[in-house]
Amino acid sequence: MGDVLAGIHASWEFETDAVLIRFERGIRAPKLFQTLRERRIPHEALASVTLSPGKRGTVVLHAVPRPGADPLMEAAAGQLKEGIDPYRLVLPADSETLAEYYADELRAQLGPRAGEPAERFLVAAPEAPLQFKAYDGKASFDGSQVAFRWFWTGASSAKWKAGDQSFSVRELAGVEWRSPDVLDGYLRLLRRGHTPEPQADQDPAAVVFGLGYGPVHESLPFAAAVLAAVRDGGRDGSRDGSAAVGPATVPVPVTVGAGRRDPADIAERIRHLGELYQAGLVTDEEFTAKKAELLAEL
2 MGDVLAGIHA SWEFETDAVL IRFERGIRAP KLFQTLRERR IPHEALASVT
52 LSPGKRGTVV LHAVPRPGAD PLMEAAAGQL KEGIDPYRLV LPADSETLAE
102 YYADELRAQL GPRAGEPAER FLVAAPEAPL QFKAYDGKAS FDGSQVAFRW
152 FWTGASSAKW KAGDQSFSVR ELAGVEWRSP DVLDGYLRLL RRGHTPEPQA
202 DQDPAAVVFG LGYGPVHESL PFAAAVLAAV RDGGRDGSRD GSAAVGPATV
252 PVPVTVGAGR RDPADIAERI RHLGELYQAG LVTDEEFTAK KAELLAEL
């Protein structure tokens with residue numbers, strides 16, 4: 002067991018070849034930290050280490066991962082707020098001398114390729130199975146298949162007509178995650194040989210977020226896990242051991258019959274639409290049109 006530096010909401014244990022980050026699970030800890038629980042960051046995954054003044058009498062030890070080393074940070078694509086960056090350890094100001102010591106120790110462990118993008122993921126992705134509720138459907142991932150099950154009251158007519166969707170990771174080229182903390186957040190699966198629909202709410206390979214739907218601590222680990230599986234499948238070939246040669250033939254996404262849904266869901270979606278309207282996130286015209294669209298599904 003290595004030395005441990007305990008900070009606010011997390012502690013770092015310094016191993017011979019890695020930093021083991023354990024996140025607090027208390028009620029005040031960011032929900033993303035509670036979800037991640039623990040992460041092992043190999044020294045070879047790091048690009049740099051800094052120590053800087055923080056807010057309200059704190060200092061911040063910040064380890065910056067190499068591009069391409071961590072699927073979570075790759076999926077986040079710079080959209081994480083500072084307070085939920087898992088590579089930041091916030092410490093009391095009186096720990097500055099000790100933090101500087103460990104920062105120097107980490108810098109000494111950085112490899113000669115620290116300034117270069119990683120050729121593969123070096124940090125483990127969140128483990129499947131994973132699922133979360135988006136505004137227009139439920140997303141689930143079992144490690145090899147991503148499934149979208151549309152909500153009758155949230156999905157657009159285009160998605161509802163297309164039916165529930167299922168995609169093998171072998172037919173995917175990547176994942177696009179737009180934070181739910183901004184307007185028009187979504188998670189989109191990028192399919193090989195397909196041009197995405199301009200609008201995520203019309204794309205059967207995407208789910209859209211909303212007020213309380215697709216929160217960061219649920220949708221980002223999901224995106225990271227899918228991205229890691231896609232990269233792993235692209236590198237290692239199919240699961241039966243055969244090598245992937247040349248462009249893959251992309252199978253058509255499986256369309257599952259929509260079936261009957263509980264009409265009571267419509268009331269819930271209209272209630273949520275009203276919340277968005279009251280929050281000023283949709284216009285009068287958008288509210289009226291969407292409400293009419295939902296009522297027409299009855």
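So for the sequence shown, my numbering puts the first residue at 2; every next one is plus one.
C-beta: ideal position from N, C-alpha, C; glycine also.
Owing to the predicted nature of the structure, the values given are computational and were not obtained by experimental measurement.
- Item | Proximity winner among A226, F288, T284, relative to M74 (alpha-carbon distances) | One-based indexing of the sequence shown puts residue 74 at position 73. Nearest option by C-alpha distance: A226.
- Query: Within this structure, are the beta carbons of L190 and A201 separated by less than 8 Å?
  - Reply: Against the sequence shown, residue 190 aligns to sequence position 189. Against the sequence shown, residue 201 aligns to sequence position 200. No, these two residues do not count as a Cβ contact at 8 Å.
- Message: Whether or not the stretch 180 to 188 and the stretch 163 to 170 are in contact is what I'm after, with contact meaning three or more pairs of Cβ atoms, one per stretch, closer than 8 Å; do they touch?
- Response: no
- Item | Integer-rounded CB distance, given that R108 should sit under 8 Å from V50 | Position 49 of the sequence shown holds residue 50. Position 107 of the sequence shown holds residue 108. Yes, they are in contact, since the Cβ atoms of V50 and R108 sit about 5 Å apart, within 8 Å.
- Task: Note down the Cα distance separating V65 from D105, rounded to an integer number of angstroms.
- Result: Within the sequence shown, the letter at position 64 stands for residue 65. Within the sequence shown, the letter at position 104 stands for residue 105. The straight-line gap from Cα to Cα measures roughly 14 Å.
- Could you tell me which of S12, T17, L21 sits nearest to A30, measuring between CA atoms? For the purposes of this step, residue 30 is taken as residue 29 along the sequence shown, with counting starting at 1. Measuring from the Cα of A30, the nearest candidate turns out to be S12.
- Task: Just the C-alpha distance for P216 and A77, rounded to the nearest angstrom, thanks.
- Result: Here the question's residue 216 lines up with position 215 in the sequence shown. Here the question's residue 77 lines up with position 76 in the sequence shown. Rounded to the nearest angstrom, the two C-alpha atoms are 13 Å apart.
- Please check if any C-beta of chain B sits within less than 8 Å of the C-beta of Y214. You won't find chain B in this structure, because it holds only one protein chain.
- Put R262 into one of helix, strand or coil per three-state DSSP. In the sequence shown, counting from the first residue as 1, residue 262 sits at position 261. Any answer about R262 is weak, because its pLDDT of 44 lies below 50 and its placement is not dependable; what the coordinates show is given next. If DSSP states are grouped into helix, strand and coil, R262 belongs with coil.
- Message: If distances are taken between C-alpha atoms only, which option among A224, L47, H63 comes closest to P54?
- Response: For this step, residue 54 is matched to residue 53 along the sequence shown. For P54, the nearest C-alpha among the options comes from H63.
- Short Cβ contact (8 Å threshold) for G175 with V231: Here the question's residue 175 lines up with position 174 in the sequence shown. Here the question's residue 231 lines up with position 230 in the sequence shown. Closer than 8 Å, so yes.
- Message: Within a Cβ cutoff of 6 Å, which residues of the same chain sit near Q23, ignoring the five residues on either side of it in sequence?
- Response: The sequence position of residue 23 within the sequence shown is 22, counting from 1. For the sequence presented, residue 23 should be read as Arg rather than Gln. The residues are S12, E39.
- Range covered by the beta strand (DSSP E) that runs through Y187: Your numbering for residue 187 matches position 186 in the sequence shown. Start and end: 187 to 192.
- Message: At a threshold of 7 Å, does Y214 count as lining the ligand ADP (C-beta to nearest heavy atom)?
- Response: Because no ligand of any kind appears in the structure shown, any question about the ligand ADP cannot be addressed here.
- Given L188, which residues of its chain have a CB within under 6 Å of its CB, disregarding the five upstream and five downstream residues? Reading the sequence shown from its first residue, position 187 is the one you call residue 188. The beta carbon of L188 lies closer than 6 Å to those of W178, V208, S220, A224 in the same chain, with the five residues before and after it left out.
- Query: What are the start and end residues of the alpha helix (DSSP H) that includes Q35?
  - Reply: Within the sequence shown, residue 35 is the residue found at index 34, counting from 1. Where Q35 is concerned, the enclosing alpha helix (DSSP H) stretches over 32 to 37.
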